[in-house]
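If you number the first sequence the way my numbering does, the last residue is 806 and the count never jumps. Worksheet: the structure to be examined is printed underneath.
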Amino acid sequence: GNEVLRETRDYISIATTRPETMLGDGAVAVNPRDERYAPIVGKLCEIPVGPKEHRRLIPIITDPYPDPEFGSGAVKITGAHDFNDYEVAKRGGIPMYRLMDTRGAMRDDGAPYTEAADLAMAVAKGERELGEAECDTINLVPDDLRGLDRFEARKRVVEQITSEGLAVMTTGDDERLGKSAADPEGGDKRVPLVEAKKIMQPFGDRSKVVIEPMLTDQWFVDAEKIVGPAIDSVRDGTVQILPEQDKKVYFNWLENIEPWCISRQLWWGHQIPVWYGPDGERFCAENFELAVEAAEEHYLALNEDSALGEALGESILQYDSVSVSALDEADTMAVGTETSGRKFPQSSVSSFMSGGDDGGYADITVYLARDPDVLDTWFSSGLWPIGTLGWPEETDELKKYFPTSVLVTGFDIIFFWVARMMMMQYAVVEKHPFDTVYVHALVRDEKGKKMSKSLGNVLDPLDLVDEYGADAVRFTLASMAAMGRDLKLSTQRIAGYRNFGTKLWNAASYGDFKGTFALPHADAPPAPTLAITKWILGELAKTRQAVDEALEAFRFNDAANALYAFVWGTFCDRYLEFTKPVLDGDDAAQADETRATYAWAFDQCLILLHPFMPFITEELWGMKQRPKMLAHADWPTYGTEMIDAQADQEINWTIQLIDNIRSARQQVNVPASAKVTLATVAADDASRAALSANTALVERIARIGDFTDLAEAPKGALAVTAPGATFAVPVADLIDVAAERGRLEKSLGKLDKELGGLRGRLNNPKFRESAPDEVVEETEAQLAAKEEEHAKISAALANLRDAA
RNA sequence: GGGCGAUUAGCUCAGUGGUAGAGCGCUUCGUUCACAUCGAAGAUGUCGGGAGUUCAAAUCUCUCAUCGCCCACCA
Numbered sequence: 003g004n005e006v007l008r009e010t011r012d013y014i015s016i017a018t019t020r021p022e023t024m025l026g027d028g029a030v031a032v033n034p035r036d037e038r039y040a041p042i043v044g045k046l047c048e049i050p051v052g053p054k055e056h057r058r059l060i061p062i063i064t065d066p067y068p069d070p071e072f073g074s075g076a077v078k079i080t081g082a083h084d085f086n087d088y089e090v091a092k093r094g095g096i097p098m099y100r101l102m103d104t105r106g107a108m109r110d111d112g113a114p115y116t117e118a119a120d121l122a123m124a125v126a127k128g129e130r131e132l133g134e135a136e137c138d139t140i141n142l143v144p145d146d147l148r149g150l151d152r153f154e155a156r157k158r159v160v161e162q163i164t165s166e167g168l169a170v171m172t173t174g175d176d177e178r179l180g181k182s183a184a185d186p187e188g189g190d191k192r193v194p195l196v197e198a199k200k201i202m203q204p205f206g207d208r209s210k211v212v213i214e215p216m217l218t219d220q221w222f223v224d225a226e227k228i229v230g231p232a233i234d235s236v237r238d239g240t241v242q243i244l245p246e247q248d249k250k251v252y253f254n255w256l257e258n259i260e261p262w263c264i265s266r267q268l269w270w271g272h273q274i275p276v277w278y279g280p281d282g283e284r285f286c287a288e289n290f291e292l293a294v295e296a297a298e299e300h301y302l303a304l305n306e307d308s309a310l311g312e313a314l315g316e317s318i319l320q321y322d323s324v325s326v327s328a329l330d331e332a333d334t335m336a337v338g339t340e341t342s343g344r345k346f347p348q349s350s351v352s353s354f355m356s357g358g359d360d361g362g363y364a365d366i367t368v369y370l371a372r373d374p375d376v377l378d379t380w381f382s383s384g385l386w387p388i389g390t391l392g393w394p395e396e397t398d399e400l401k402k403y404f405p406t407s408v409l410v411t412g413f414d415i416i417f418f419w420v421a422r423m424m425m426m427q428y429a430v431v432e433k434h435p436f437d438t439v440y441v442h443a444l445v446r447d448e449k450g451k452k453m454s455k456s457l458g459n460v461l462d463p464l465d466l467v468d469e470y471g472a473d474a475v476r477f478t479l480a481s482m483a484a485m486g487r488d489l490k491l492s493t494q495r496i497a498g499y500r501n502f503g504t505k506l507w508n509a510a511s512y513g514d515f516k517g518t519f520a521l522p523h524a525d526a527p528p529a530p531t532l533a534i535t536k537w538i539l540g541e542l543a544k545t546r547q548a549v550d551e552a553l554e555a556f557r558f559n560d561a562a563n564a565l566y567a568f569v570w571g572t573f574c575d576r577y578l579e580f581t582k583p584v585l586d587g588d589d590a591a592q593a594d595e596t597r598a599t600y601a602w603a604f605d606q607c608l609i610l611l612h613p614f615m616p617f618i619t620e621e622l623w624g625m626k627q628r629p630k631m632l633a634h635a636d637w638p639t640y641g642t643e644m645i646d647a648q649a650d651q652e653i654n655w656t657i658q659l660i661d662n663i664r665s666a667r668q669q670v671n672v673p674a675s676a677k678v679t680l681a682t683v684a685a686d687d688a689s690r691a692a693l694s695a696n697t698a699l700v701e702r703i704a705r706i707g708d709f710t711d712l713a714e715a716p717k718g719a720l721a722v723t724a725p726g727a728t729f730a731v732p733v734a735d736l737i738d739v740a741a742e743r744g745r746l747e748k749s750l751g752k753l754d755k756e757l758g759g760l761r762g763r764l765n766n767p768k769f770r771e772s773a774p775d776e777v778v779e780e781t782e783a784q785l786a787a788k789e790e791e792h793a794k795i796s797a798a799l800a801n802l803r804d805a806a
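Put into structure tokens, the structure is as follows:
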């Protein structure tokens, strides 16, 4: 039975960080497995606050929520002011008494405390049932605490409990009191147990005020009912989410979807399309006219049953007509009664007698008041894909652009926005809103925190643009936009890409200097005869393909980096240098071809770079007479047909020779200004052909004075190799023998290591069995090349020893 | 507590099975007429630790450590 604990003076201790909420407790819960409390489950206990003569009693119930290991194992249940308690209260049918108002103060409405407490007592003893709405009208705040801010009320409640001797006490040296409060000497002092403990507390994002959970009436979307197609279409590929890993977030959220609260108590936004009649009847309609129609139908039907008067609380029994009209906003506010934020029109029936004397007939006007709440911003935004295209009208734009192709967004709003758009488009127009969702990287600050306006840790893009230029900032973001990662913006890197812009500018100056701006605009490349022409066209084709593939796959960083490498590393560092001997030479036809090629290839650089650096490229494009702006230029489509394998091989061989000569020269400290002789010691036909076709290049770039042929390397010469050839650079008086030996030995050391790995693999029979043929072949080719290199350098080293 | 991810050169970051790269920084050299916001050359990594799968692992699996993010939030 409902034996009252007070009579036997037993206590159950509970802990709370918000003592004032005890006033609204509906129960104390313990875990059903907790044997300590088994004997008292079902009994009533007294809440130790409030006027003594009117202490409320609440039941001790069981619920899986309390953790027997945590604290006392008993939890007070305030359904109206705590998320977990709410669930417990719902499960146990425990009344949820609301204690605070929307300002975070203790309630100051309703009947006096004694009345409310008596009612609650009756409920606790099972003598009375409470509806949800009625429960909310009960104010269990004692009269002396009404209207106080919750923090003030908290203080008073603690004082009252303590002064009455009902606080859990401990000794002064209890470690749980925390370092500042505990007194190591205070073993005999009795103090209230106020544990020093860090807890998580939600603060309002903008108000910076502690948030108190509270029961209110709100509009919800039963999201579970509309989530199906949104999940299926991503699962079956109708909608693609990139990078793939973000699908996990998407599914995780949608598959555990909760009812979506869509009403907000703000004055901006789309107002909820619901109108209330004086009886609280709701009319949800697209617009007011339709709501009126619905209301008229509703109230006329009541009229036929003579039930209207009852519904409206009027004494008039019969009506000739019912008309419905709007209560304007001011009236709504004036007449509304606040019940959990919802406002109903009160005195909204006006009637007047018609027909004179028999008194029973009247015309009546029923006023409707619109729900003052607005929709969650994500509810409105969720309609963006169709809303922006003129829906609900069947516009041409809607037909043409819906569903859209790609949605670009940040991962942090995958469920706020993307998932909502998916659900809502399916729910409203029964179609997916877009084909692909590209989730871009998020820029973070130096510490890895998300940049946010409210945190103030924002690098203002405009400042960066001022300092480095818009193109540099844009290019940096593109080059760092690898999928699935966040990026910390580095100003050094932006500076690097600013320099890239300068580089491009200078390449244009060079072209201008060599007369390329004077040439007419050409859409097609010149017919190539020179190896360097064929080669650069091929390199350009490879780059264009790489860029397109990257863009196709949303790998913007790959596209940007491919262009950076091509423009700086290939076009400027190599090709531009290659054109110098030709343009300065005396073969006019070759110079013309080269000039035209440079002009065309540079144009291609501008076209390909334009999406990444629109300003500088458009500017450079405009320095020459053009049929149209760069922004309107056709994106190129050339590909492998522009690659000439022969020229490719020849020029790459030449590049390698030049690099090797330069490297050898610098490492043994041959002065950069010294022109040296390059002696061919051994070379296959291809090497000889490549060298003789490109002597001018090698001469100029590697700073060679003479080319000769020698049967064997002279003693003490620099050894230089290229695939299929060995050269000697006789610089006896310039050479630092020790340096040369060091250089060669280092090369050998590196080669030995590489050879070890390659041989190890090829000698493993399992590798030959299991690895794909092409991998085996490639490994064999590498081994052969390294072995050749090794042999050549060994010979050179031996030669050097002989000389010493 | 649930979910996701990261850890690679001094720094910022690429690299989803074939033996590791870029930019910046660093060292040395440079008055070659596009460019010093540049050029040439060079150094630097037991790819966080451990275990496993595989002929082969930065890459796949497990585990540990550290860091970060999103969501929920301890009476």
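The C-beta atom is built at its ideal place from N, Cα and C for all residues, glycine as well.
Boundaries (first-last residue) of the alpha helix (DSSP H) holding glutamate 161: As a working mapping, residue 161 is identified with position 159 in the first sequence. Where glutamate 161 is concerned, the enclosing alpha helix (DSSP H) stretches over 152-165.
Would you decide whether glutamate 295 is buried or exposed? Buried here means 16 or more other CB atoms lie within 10 Å of its CB. As a working note, residue 295 is residue 293 in the first sequence. Answer is exposed; the Cβ neighbour count stays below 16.
Since I believe alanine 715 is in contact with glycine 540 (beta carbons under 8 Å), could you give me their beta-carbon distance rounded to a whole number of angstroms? The residue labelled residue 540 in the question sits at position 538 within the first sequence. The residue labelled residue 715 in the question sits at position 713 within the first sequence. With a Cβ gap of about 34 Å, glycine 540 and alanine 715 do not count as contacting.
Just to confirm the assignment: which complete alpha helix (DSSP H) runs, minimum length 4, are found wholly within the region 508-584? Entirely contained in the region 508-584, the alpha helix (DSSP H) runs reaching 4 residues are, in chain order, 533-554 and 558-566.
Smallest Cα separation from lysine 127: which of Ala29, Leu304, Arg667 and Ala698? The residue you call residue 127 lines up with position 125 of the first sequence. Selected option, being the one with the closest Cα: Ala29.
Check the DSSP bridge columns for threonine 642 and list the partner residues they point to. As a working note, residue 642 is residue 640 in the first sequence. DSSP, once it has assigned bridges, lists no residue as partnering threonine 642.
Contact between the region 645-665 and the region 516-535: three or more CB pairs below 8 Å? yes
Candidates Ala562, Asp804, Phe72 and Arg763: closest to glutamate 780 by CA position: As a position in the first sequence, residue 780 is number 778, starting the count at 1. Nearest C-alpha to glutamate 780: Arg763.
Tell me the DSSP secondary structure of glutamine 427 in three-state form. Here residue 427 corresponds to residue number 425 of the first sequence, with the count starting at 1. DSSP places glutamine 427 in helix when its eight states are reduced to three.
Taking the alpha-carbon positions, what's the arginine 178 to lysine 191 distance? Here residue 178 refers to the residue found at position 176 when the first sequence is read from its first residue. Here residue 191 refers to the residue found at position 189 when the first sequence is read from its first residue. The alpha-carbon of arginine 178 is positioned some 15 Å away from that of lysine 191.
Candidates Leu142, Leu268, Arg20 and Gly384, of which the one nearest phenylalanine 153 by Cα: For the purposes of this step, residue 153 is identified with residue 151 of the first sequence, where counting begins at 1. Ranking the options by Cα distance to phenylalanine 153, first place goes to Arg20.
State the Cα-Cα distance for the pair serine 511 and lysine 505, rounded to the nearest angstrom. Within the first sequence, the letter at position 509 stands for residue 511. Within the first sequence, the letter at position 503 stands for residue 505. For serine 511 and lysine 505, the distance between alpha carbons rounds to 10 Å.
Beta-carbon separation of glutamate 790 and leucine 757 under 8 Å? As a working note, residue 790 is residue 788 in the first sequence. As a working note, residue 757 is residue 755 in the first sequence. No, the pair does not count as a contact, with Cβ atoms beyond the cut-off.
With the cut-off set at 8 Å, would you say alanine 225 and proline 261 are in Cβ contact? In the first sequence, counting from the first residue as 1, residue 225 sits at position 223. In the first sequence, counting from the first residue as 1, residue 261 sits at position 259. Against a cut-off of 8 Å, the Cβ pair of proline 261 and alanine 225 comes out as a contact.
Where DSSP assigns a beta bridge to threonine 697, which residues make up the other side? Reading the first sequence from its first residue, position 695 is the one you call residue 697. Looking at the DSSP assignment, threonine 697 forms no beta bridge with any residue, so it has no partner.
What three-state label does DSSP hand serine 265 in the structure shown? Taking the first sequence and counting its residues from 1, the one referred to as residue 265 is at position 263. In this structure, serine 265 counts as strand in the three-state DSSP scheme.
Determine the contact status of tyrosine 369 and leucine 409, defining contact as a CB-CB distance below 8 Å. The residue labelled residue 369 in the question sits at position 367 within the first sequence. The residue labelled residue 409 in the question sits at position 407 within the first sequence. Not a contact, by the Cβ cut-off of 8 Å.
So, with DSSP's three-state summary, where would you put tyrosine 278? The sequence position of residue 278 within the first sequence is 276, counting from 1. DSSP places tyrosine 278 in strand when its eight states are reduced to three.
What are the boundary residues of the beta strand (DSSP E) that includes glutamate 48? For the purposes of this step, residue 48 is taken as residue 46 along the first sequence, with counting starting at 1. Run containing glutamate 48: 46-48, per the beta strand (DSSP E) assignment.
Rounded C-beta distance between alanine 562 and alanine 480? I'm assuming under 8 Å. Along the first sequence, one-based indexing puts residue 562 at 560. Along the first sequence, one-based indexing puts residue 480 at 478. So it is a contact: roughly 4 Å between Cβ atoms.
I'd like the ranges of any alpha helix (DSSP H) spanning at least 4 consecutive residues and lying wholly in the region 82-148. Whole alpha helix (DSSP H) segments, 4+ residues: 85-94, 115-126 and 134-139.
For glutamate 828, count neighbouring C-beta atoms within 10 Å of its own C-beta (all shown protein chains included) and say buried if the count is 16 or more, exposed if not. Coverage of the chain is limited to positions 3 through 806, which leaves residue 828 absent and any answer about it impossible.
Pick from Asp754, Phe477 and Trp570 that is closest to alanine 793, judged by C-alpha positions: Counting from 1 along the first sequence, the entry for residue 793 is found at position 791. Considering only alpha carbons, the answer is Asp754.
What is the residue span of the beta strand (DSSP E) that lysine 78 lies within? Along the first sequence, one-based indexing puts residue 78 at 76. That run of the beta strand (DSSP E) goes 76-79.
Isoleucine 660 and isoleucine 618 closer than 8 Å at C-beta: For the purposes of this step, residue 660 is taken as the residue at position 658 of the first sequence. For the purposes of this step, residue 618 is taken as the residue at position 616 of the first sequence. The answer is no: Cβ separation not under 8 Å.
Please work out which residues of its chain come closer than 6 Å, Cβ to Cβ, to valine 251, disregarding the five sequence neighbours upstream and downstream, and give them in chain order. Position 249 of the first sequence, counted from the start, is the residue given in the question as residue 251. These residues qualify, in order along the chain: Ile416.
Using the Cα positions of aspartate 238 and proline 231, report the straight-line distance between them to the nearest angstrom. Position 236 of the first sequence holds residue 238. Position 229 of the first sequence holds residue 231. In a straight line, the C-alpha of aspartate 238 is about 10 Å away from that of proline 231.
For the region 718-806, which segments carrying the beta strand (DSSP E) assignment without a break, of at least 3 residues, lie completely within its bounds, in sequence order? 720-724 and 727-731
Quick check: the Cα distance between proline 808 and tryptophan 623, rounded to an integer number of angstroms? One cannot answer for residue 808 here, as it falls past the ends of the chain, which runs 3 to 806.
According to the Cβ coordinates, are valine 890 and leucine 680 closer than 8 Å? Nothing about residue 890 can be reported from this structure: the residues present for the chain run from 3 to 806 only.
Span of the alpha helix (DSSP H) around valine 467: In the first sequence, residue 467 corresponds to position 465, counting from 1. From DSSP, the alpha helix (DSSP H) with valine 467 extends over 463-470.
Mapping the DSSP letters down to three states, classify lysine 490 as helix, strand or coil. For the purposes of this step, residue 490 is taken as residue 488 along the first sequence, with counting starting at 1. It is a strand residue.
Identity of the residue in Ala198, Arg148, Leu292 and Ala421 nearest lysine 249 by Cα: Locating residue 249 in the first sequence gives position 247, counting from the first residue. Closest option to lysine 249, Cα to Cα, is Ala421.
Which residues in the same chain as proline 463 place their Cβ atom closer than 7 Å to its Cβ, once the five residues preceding and following it in sequence are excluded? Taking the first residue of the first sequence as 1, we reach residue 463 at position 461. Closer than 7 Å at the Cβ level, and outside the excluded window around proline 463, lie Val475.
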